[in-house]
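Protein chains in written order, with the working numbering: chain A, 7 to 294; chain B, 197 to 414.
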């Protein structure tokens with residue numbers, strides 16, 4: 007009987023120990039969270055690997071750990087509007103300016119750019135290689151009724167596609183026979199386009215990462231309307247905890263810092279043989 | 197905000213059923229005989245086989261999705277079928293998820309039968325062809341549990357169907373992938389509406405099956 011009671015109380019004590027350990031762990035998590043910054047960005051930035059390359063330096067310099075949430079730009083802007091983010095890194099200029107105008111964002115600072123590509127099968131059935139502009143390329147795809155996979159998810163890339171279709175005088179909802187909406191991220195949308203031998207609009211970073219496997223090529227010639235600018239948006243400090251607002255300001259300063267800008271200029275050279283982003287605040291452009 | 201229209205909701209719901217019900221039917225057609233066979237026979241290698249099935253019952257759907265994706269990809273062994281990003285691919289993935297559930301629960305139900313049951317049936321001189329029918333009657337509660345579990349597993353599944361279906365509008369978009377998409381787009385109202393339909397669907401189907409299950413009780 008005594009033995010039994012001992013084993014029971016031991017079990018009980020053991021459970022208390024486990025609960026206490028968990029509680030301690032939760033508390034330490036709590037204190038760690040105090041030096042955190044909620045950075046909401048787009049999947050294209052996360053998937054490129056840029057953040058993994060620069061955020062450790064940010065943490066080293068400031069002691070701030072950035073928690074990265076990657077969603078489509080539309081959702082990112084909405085999270086900013088609803089106060090569910092401290093700082094945004096997005097690529098949807100019109101939506102961003104609207105957010106600043108509404109007062110939800112305190113500032114919008116363009117930090118880097120790259121470009122969109124219109125990729126497709128090398129046979130190029132719609133003949134967009136000779137297109138005069140990005141809009142012309144979209145018109146040729148639509149006229150040929152060629153397969154085209156749209157993100158269809160209100161992301162920055164999808165917004166650009168809608169803008170290009172409007173510029174070409176086409177229905178922004180697509181609607182030609184080969185037009186389909188994936189409702190998926192950029193990577194999977196490229197996979198689907200590869201599988202269907204379809205045209206697709208993509209940011210250059212994700213495209214380069216997937217190019218080999220999907221066997222699509224970047225076909226449309228470079229064009230100003232394919233320019234893709236990424237900006238840092240600081241959320242209105244009045245909507246944030248003062249400490250968080252301060253950290254957001256530090257992140258903005260970090261992104262504009264010459265050292266970080268140089269890092270951005272170098273990023274991607276190793277893996278893709280060329281940089282994925284052009285920094286916008288580097289006085290002297292490095293060798294290209 | 198782009199709210200999904202009623203027509204779109206109906207379409208997505210019908211497509212969900214068009215994927216899940218055939219997947220369920222195929223899983224039952226293959227899984228029940230296997231479950232019964234393994235359940236009341238003793239043979240060498242039975243224990244490893246059963247533990248393999250039990251592992252399959254907990255197979256992570258994302259892993260199933262990845263494997264089916266690699267099988268069906270253009271460069272994969274079944275690439276010639278051109279099934280990737282189609283309803284067929286989603287059915288294949290769901291069968292892989294549901295099959296171990298059906299087999300596992302069926303063989304557990306058969307295994308739970310009274311040891312003397314088979315002896316009694318034989319002693320009573322029941323003809324061979326009726327024995328199977330009697331067996332099915334005897335384990336009907338377990339069978340319905342298998343059906344409900346399998347249906348719940350595939351109806352609520354999102355990782356695998358997203359990987360092999362791709363959530364293409366008008367082609368492979370089902371309730372779970374649409375909910376995920378609207379959530380990621382920040383369209384929480386639409387996501388919630390679709391979630392209500394999904395839960396309602398499961399409630400109706402599970403309710404119907406439970407009524408059948410309980411009515412068979414003496």
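Where is the CB? At the ideal position from N, CA and C, for every residue including glycine.
Chain-ordered neighbours of residue i on chain A, where CB pairs are closer than 7 Å
i: residue 389 of chain B; result: Near residue 389 of chain B there are no residues of chain A at all, since even the closest Cβ is about 16 Å away, more than 7 Å.
i: residue 262 of chain B; result: Within 7 Å Cβ-Cβ: nothing; residue 262 of chain B doesn't reach chain A, min ~13 Å.
i: residue 270 of chain B; result: 201
Where residue i falls: helix, strand or coil (DSSP)
i: residue 186 of chain A; result: strand
i: residue 178 of chain A; result: coil
i: residue 335 of chain B; result: coil
i: residue 46 of chain A; result: strand
i: residue 154 of chain A; result: strand
i: residue 218 of chain B; result: helix
i: residue 29 of chain A; result: helix
i: residue 273 of chain B; result: coil
i: residue 244 of chain B; result: helix
i: residue 257 of chain B; result: helix
i: residue 285 of chain A; result: strand
i: residue 265 of chain B; result: helix
i: residue 229 of chain B; result: helix
i: residue 197 of chain B; result: With a pLDDT of 45 at residue 197 of chain B, under the threshold of 50, the modelled position of that residue is not reliable, and the figure given next carries that caveat. Of the three classes helix, strand and coil, the one that applies to residue 197 of chain B here is coil, per DSSP.
i: residue 22 of chain A; result: helix
i: residue 10 of chain A; result: Residue placement at residue 10 of chain A cannot be trusted, given a pLDDT of 49 that sits under 50; the coordinates are not used to answer.
i: residue 164 of chain A; result: helix
i: residue 292 of chain A; result: Confidence at residue 292 of chain A is low in this model, with a pLDDT of 49, below 50, so its placement is unreliable and the value that follows should be read with caution. Correct three-state label for residue 292 of chain A: coil.
i: residue 193 of chain A; result: helix
i: residue 263 of chain A; result: coil
i: residue 402 of chain B; result: helix
i: residue 55 of chain A; result: coil
i: residue 280 of chain B; result: coil
i: residue 411 of chain B; result: helix
i: residue 132 of chain A; result: coil
i: residue 274 of chain A; result: coil
Residue i: contacting residues in chain B (beta-carbon distance under 9 Å)
i: residue 81 of chain A; result: 379, 380, 381, 382, 383
i: residue 194 of chain A; result: 358, 359, 362, 363
i: residue 106 of chain A; result: The premise fails here: residue 106 of chain A is roughly 18 Å from chain B at the closest Cβ pair, so nothing lies under 9 Å.
i: residue 186 of chain A; result: 364, 365, 366, 367
7 Å Cβ cut-off: residues of chain B touching residue i
i: residue 85 of chain A; result: 382
i: residue 190 of chain A; result: 362, 363
i: residue 78 of chain A; result: 380, 381
Contacts that residue i makes with chain A (C-beta to C-beta distance below 8 Å)
i: residue 280 of chain B; result: 201
Contact test: residue i Cβ vs the ligand MN heavy atom, cutoff 7 Å
i: residue 295 of chain B; result: As for the ligand MN, it is missing from this structure, which has no ligand bound.
Cβ distance (whole Å) where residue i is taken to contact residue j below 8 Å
i: residue 257 of chain B; j: residue 356 of chain B; result: 4 Å
i: residue 375 of chain B; j: residue 364 of chain B; result: Actually they are not in contact, since the Cβ atoms of residue 375 of chain B and residue 364 of chain B sit about 16 Å apart, beyond 8 Å.
i: residue 207 of chain A; j: residue 166 of chain A; result: 7 Å
i: residue 92 of chain A; j: residue 193 of chain A; result: Actually they do not touch by this definition, with Cβ atoms about 26 Å apart.
i: residue 303 of chain B; j: residue 334 of chain B; result: Contact doesn't hold; Cβ gap of about 14 Å is too wide.
i: residue 79 of chain A; j: residue 162 of chain A; result: 3 Å
i: residue 260 of chain B; j: residue 299 of chain B; result: 15 Å between Cβ atoms; not a contact.
i: residue 256 of chain A; j: residue 68 of chain A; result: 5 Å
i: residue 132 of chain A; j: residue 173 of chain A; result: With a Cβ gap of about 17 Å, residue 132 of chain A and residue 173 of chain A do not count as contacting.
i: residue 266 of chain A; j: residue 50 of chain A; result: 19 Å between Cβ atoms; not a contact.
i: residue 198 of chain A; j: residue 281 of chain B; result: 5 Å
i: residue 347 of chain B; j: residue 371 of chain B; result: At roughly 13 Å, the Cβ-Cβ gap does not stay under 8 Å, so residue 347 of chain B and residue 371 of chain B are not in contact.
Amino acids of chain B, ordered along the chain, whose beta-carbon sits closer than 8 Å to that of residue i
i: residue 168 of chain A; result: Ordered by position in chain B, no residue passes the 8 Å Cβ test against residue 168 of chain A, which lies about 11 Å from the chain.
i: residue 198 of chain A; result: 281, 362, 364
Contact with chain D by residue i, beta-carbon distance below 8 Å
i: residue 277 of chain A; result: Of the protein chains in the structure, A and B, none is chain D.
Whole runs of the alpha helix (DSSP H) within the stretch 60 to 130 of chain A, excluding any shorter than 4 residues: Listed in chain order, the alpha helix (DSSP H) elements of length 4 or more contained wholly in the stretch 60 to 130 of chain A are 79 to 87, 99 to 107.
Residues within the stretch 390 to 411 of chain B neighbouring chain A, beta-carbon criterion of under 7 Å: Only those residues of the stretch 390 to 411 of chain B whose C-beta falls short of 7 Å from the nearest C-beta of chain A would be listed, and there are none.
Beta carbons nearer than 8 Å to chain B: which residues of the stretch 231 to 256 of chain A have them? Within the stretch 231 to 256 of chain A, no residue qualifies.
Which ranges does the beta strand (DSSP E) cover as unbroken runs of at least 3 residues, wholly within the stretch 204 to 247 of chain A, from first to last along the chain? 205 to 209, 233 to 241, all fully within the stretch 204 to 247 of chain A.
Entirely enclosed alpha helix (DSSP H) segments - the stretch 293 to 344 of chain B, minimum 4 residues: Whole alpha helix (DSSP H) segments, 4+ residues: 311 to 319, 324 to 334.
Cβ-based contacts, 9 Å cut-off: residues of the stretch 348 to 363 of chain B near chain A: Close to chain A, meaning a Cβ-Cβ distance shorter than 9 Å, are the following residues of the stretch 348 to 363 of chain B: 358, 359, 362, 363.
Of the residues that make up the stretch 326 to 345 of chain B, which ones have a beta carbon closer than 9 Å to any beta carbon in chain A? Those would be none; no residue qualifies.
In chain order, what residues of the stretch 142 to 165 of chain A put their CB closer than 7 Å to some CB of chain B? Hits within the stretch, in order: 158, 159, 160.
Mind checking the stretch 207 to 227 of chain B against chain A and listing, in chain order, the residues whose C-beta falls within less than 7 Å of any C-beta there? Listed by position, the residues of the stretch 207 to 227 of chain B near chain A (Cβ gap below 7 Å) amount to none.
Please name the residues in the stretch 282 to 294 of chain B whose beta-carbon is closer than 8 Å to at least one beta-carbon of chain A, in chain order. Against chain A - using a Cβ distance shorter than 8 Å - the stretch 282 to 294 of chain B contributes no residues.
Any C-beta of chain B within less than 8 Å: which residues of the stretch 111 to 138 of chain A qualify? For the stretch 111 to 138 of chain A, the set of positions with a beta-carbon nearer than 8 Å to some beta-carbon of chain B is empty.
Where are the alpha helix (DSSP H) runs, 4 residues long or more, that stay fully inside the stretch 349 to 384 of chain B, in chain order? Correct list: 355 to 361, 371 to 381.
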